[in-house]
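Residue numbers (my numbering): 10 to 395.
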């Protein structure tokens with residue numbers, strides 16, 4: 010059995026709205042090139058992403074919606090005809106062959122699932138996935154098909170698995186949460202910036218599931234401008250409590266890299282420190298509770314030059330038991346990509362200290378987060394007793 014596989018196909022780069030859209034899968038190329046420059050990723054580690062079948066997409070999406078996506082991507086529908094399906098909007102514009110490109114991303118996550126569940130690898134990573142805002146019959150927030158929702162249904166139907174979904178994207182993992190809101194065999198844990206200021210506006214601690222699924226949805230909304238220490242305190246305590254409460258067969262983590270200070274679409278003040286710690290604890294708990302069964306996907310991350318390649322490299326390094334480097338980034342990588350980047354690179358694995366001016370409300374933010382964490386943990390502990 011391999012330690013881990015890196016799922017990727019060049020066709021994943023076809024998921025592209027426009028040259029100016031903030032969702033840019035060039036970050037996959039940048040991350041892979043960085044890993045290869047430090048000799049951390051070999052061709053033997055890479056397995057091709059297959060294309061999800063229509064039958065597999067139907068696990069999470071309406072047939073009418075799939076047909077709309079196909080026709081829109083082939084130029085058969087106008088933006089006005091697609092708007093009620095969330096397509097043709099400013100966030101999720103129509104692009105050529107959007108069904109085929111989206112099915113490729115979903116298929117990558119399904120490839121990762123099969124490698125782990127069939128015992129070919131302990132862990133699997135599909136950075137092209139993590140499109141957590143997609144709904145059954147509607148696109149949302151740059152997400153056309155929801156690969157994590159499809160993958161969880163697939164895990165249930167093919168492998169009869171009890172699944173824990175962990176989402177550390179700065180945006181709430183709404184599409185996945187609502188898909189399993191009444192399912193007692195899927196637990197969703199989302200750590201994100203509060204919806205008071207940020208899309209999609211959901212993810213309150215009171216969103217706990219419904220019907221038989223009541224008590225299997227957990228949210229930890231952080232205040233804007235949250236820094237590393239508070240973020241990591243919430244992350245570690247919530248992860249340990251939820252793993253112990255739910256005892257999953259397999260964990261699927263969504264690894265958006267948009268909680269960083271540089272991210273242009275969010276208001277959190279994270280640094281590279283959180284991207285070292287997030288995969289470390291997920292890895293540890295996967296071995297403690299799931300016999301190592303860990304599937305990871307990408308997600309948000311809109312500073313594709315200074316943040317995403319470093320953050321996602323740390324995820325692969327942890328997954329493969331390689332030491333996270335310190336000090337300078339490879340000069341060859343910097344020389345190759347700096348001429349194309351619109352911002353100066355951070356030339357080291359660590360962020361400079363200080364990365365930003367001191368936050369005047371630091372104590373207030375940390376106290377609000379601590380109160381939220383205490384309430385959310387109280388809910389989990391009550392669920393344990395029940």
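Each residue gets a CB set at the ideal place from its N, CA and C atoms; glycine is no exception.
| query | result |
| --- | --- |
| Residue range of the beta strand (DSSP E) that residue 263 falls in? | 259–263 |
| May I ask you to verify whether the stretch 256–263 touches the stretch 218–226, counting CB pairs closer than 8 angstroms and requiring at least 3? | no |
| If you count every other CB in all the chains shown that lies within 10 Å of the CB of residue 93, and 16 or more means buried, which is it? | exposed |
| Is it the case that the Cβ atoms of residue 69 and residue 162 are separated by a distance below 8 angstroms? | yes |
| Rounded to a whole number of angstroms, what is the C-alpha to C-alpha distance between residue 382 and residue 333? | 29 angstroms |
| Only counting runs of 3 or more residues, tell me where the beta strand (DSSP E) segments fall wholly within the stretch 57–140, in order along the chain. | 130–135 |
| Between which two residues does the beta strand (DSSP E) carrying residue 296 extend? | No beta strand (DSSP E) contains residue 296, which is instead part of the alpha helix (DSSP H) from 281–298. |
| Rounded to whole angstroms, how far is the Cβ of residue 17 from the Cβ of residue 43, which I believe are closer than 8 angstroms? | At roughly 14 angstroms, the Cβ-Cβ gap does not stay under 8 angstroms, so residue 17 and residue 43 are not in contact. |
| What does the Cβ neighbour count give for residue 319, buried or exposed, with the cut at 16 atoms within 10 Å? | buried |
| When you compare only the Cα positions, how much space is there between residue 337 and residue 225? | 43 angstroms |
| Give me whichever residues DSSP pairs with residue 250 in a beta bridge. | In DSSP, residue 250 forms no bridge with anything. |
| Residue 289 to residue 215, Cα distance in whole Å? | 28 angstroms |
| Using DSSP's beta-bridge definition, name the partner residues of residue 176. | 199, 263 |
| On the premise that residue 59 lies in contact with residue 116, defined as a C-beta separation below 8 angstroms, what is that separation, rounded to the nearest angstrom? | 4 angstroms |
| When you compare the CB positions of residue 96 and residue 179, do they come within less than 8 angstroms of one another, or not? | no |
| By the three-class DSSP mapping on this structure, what secondary structure does residue 38 have? | helix |
| Three or more C-beta pairs closer than 8 angstroms, one from the stretch 133–144 and one from the stretch 11–29: is that the case here? | yes |
| So what's residue 12 in DSSP terms, helix, strand or just coil? | strand |
| Among 370, 159, 197, 279, whose alpha-carbon lies nearest the alpha-carbon of residue 389? | 197 |
| So which of 139, 310, 74, 328 has the shortest CA-CA distance to residue 39? | 310 |
| Tell me which same chain residues have a C-beta within less than 7 angstroms of the C-beta of residue 232, skipping the five on either side of it? | 203, 374, 377, 378 |
| Check the C-beta distance from residue 110 over to residue 184 and give it rounded, since I have them as a contact under 8 angstroms. | Not quite, the Cβ-Cβ distance comes to about 18 angstroms (not below 8 angstroms), so this is no contact. |
| If we call anything under 8 angstroms between Cβ atoms a contact, is residue 269 one with residue 279? | yes |
| Does the stretch 119–130 come into contact with the stretch 301–309, if we say contact requires no fewer than three beta-carbon pairs (one atom in each stretch) closer than 8 angstroms? | yes |
| Exposed or buried, what is residue 48 when buried is set at 16 or more other beta-carbons lying within 10 Å of its beta-carbon? | exposed |
| How far does the alpha helix (DSSP H) with residue 317 in it reach, from first residue to last? | 317–328 |
| If you drop the 5 nearest sequence neighbours on each side, which residues of the same chain put their C-beta closer than 7 angstroms to that of residue 308? | 139, 141, 178, 263, 264, 265 |
| Just verifying my parser: in three-state terms, what is the DSSP assignment at residue 46? | helix |
| Quick one: measure Cβ to Cβ for residue 256 and residue 223, integer angstroms, because I've assumed they're closer than 8 angstroms. | So it is not a contact: roughly 18 angstroms between Cβ atoms. |
| Name the DSSP beta bridge partners of residue 152, please? | 149 |
| Suppose the cutoff is 6 angstroms on Cβ atoms and the five residues either side in sequence are ignored; what does the same chain contact list for residue 86 look like? | 80 |
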